[in-house]
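These notes are about the structure you will find just below.
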Amino acid sequence: MREIWTSTEIDERFQKKWPGVAQIFKIRRYVKKGDKEREEVVYGFTNLPTKIANAKDILDLDQKHWYMENRLHYRRDVTMGEDASQVRIKNAPQALAAINGGVLAFMDFLEVKTLHLKCGIIVRTLKKPYNCYLVICQLYFR
Numbered sequence: 000m001r002e003i004w005t006s007t008e009i010d011e012r013f014q015k016k017w018p019g020v021a022q023i024f025k026i027r028r029y030v031k032k033g034d035k036e037r038e039e040v041v042y043g044f045t046n047l048p049t050k051i052a053n054a055k056d057i058l059d060l061d062q063k064h065w066y067m068e069n070r071l072h073y074r075r076d077v078t079m080g081e082d083a084s085q086v087r088i089k090n091a092p093q094a095l096a097a098i099n100g101g102v103l104a105f106m107d108f109l110e111v112k113t114l115h116l117k118c119g120i121i122v123r124t125l126k127k128p129y130n131c132y133l134v135i136c137q138l139y140f141r
């Protein structure tokens, strides 16, 4: 369950610090993980006026943001180990990011749902994310 409260009443101090803000909002959501449920409350602001984005639109945008965060960034940062990467040689970080993107797209194409489990264990064990690609290919192409 998700709830949102929005307001266009923005005081002068806020406007000085963040000019162009059209709306502020508060979102309360209940997140369930396993048997446990917890409440999350987040606050935010947007430059989108109510004519362009009403409360429901902002709630939808928030949900899409977290979909992207969980679907793309989490998989890159945690599963593929991009944030922990110590590679700093010339264009190697960009090359590894491109390879990661290709591997993730390929796994999506194959409809692999447990990539984070398989690759995450391998990355943590080997401490070298690039070894994960070889192992994944071996797992799925036997």
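Numbering (numbering that gives the first Met the number 0), first residue to last: 0 to 141.
C-beta: ideal position from N, C-alpha, C; glycine also.
As the structure is a computational prediction, the values presented were derived from the model and not from experiment.
query: Would you say G19 and N53 are within 7 Å of each other, going by their C-beta atoms?
result: Position 20 of the sequence shown holds residue 19. Position 54 of the sequence shown holds residue 53. Taking 7 Å as the Cβ cut-off, G19 and N53 do not qualify as a contacting pair.
- prompt: Between Y29 and M0, is the Cβ-Cβ spacing less than 7 Å?
  reply: Within the sequence shown, the letter at position 30 stands for residue 29. Within the sequence shown, the letter at position 1 stands for residue 0. Yes.
- prompt: Hey, how far is the Cα of W65 from the Cα of L58?
  reply: Within the sequence shown, residue 65 is the residue found at index 66, counting from 1. Within the sequence shown, residue 58 is the residue found at index 59, counting from 1. Approximately 11 Å, taken between the alpha carbons.
- prompt: Which same chain residues, not among the five before or five after M25, have their C-beta less than 6 Å away from its C-beta?
  reply: The count along the sequence shown starts at 1 and reaches residue 25 at position 26. Sequence check: residue 25 is Lys here, not Met. For K25, where only same-chain residues beyond five positions count, the Cβ hits under 6 Å are W4, Y42.
Range of the contiguous beta strand (DSSP E) that encloses Q22: Position 23 of the sequence shown holds residue 22. Looking at the DSSP string, the run of the beta strand (DSSP E) that includes Q22 is 22 to 32.
- prompt: Who does K35 pair with in a DSSP beta bridge?
  reply: Position 36 of the sequence shown, counted from the first residue, corresponds to residue 35. Beta-bridge pairing links K35 to K32.
7 Å Cβ cutoff met for E2 and R37: If you number the sequence shown from 1, residue 2 lands on position 3. If you number the sequence shown from 1, residue 37 lands on position 38. Cβ atoms of E2 and R37: not closer than 7 Å.
task: Name the two residues that bound the continuous beta strand (DSSP E) containing E2.
output: Locating residue 2 in the sequence shown gives position 3, counting from the first residue. E2 -> beta strand (DSSP E) spans 1 to 6.
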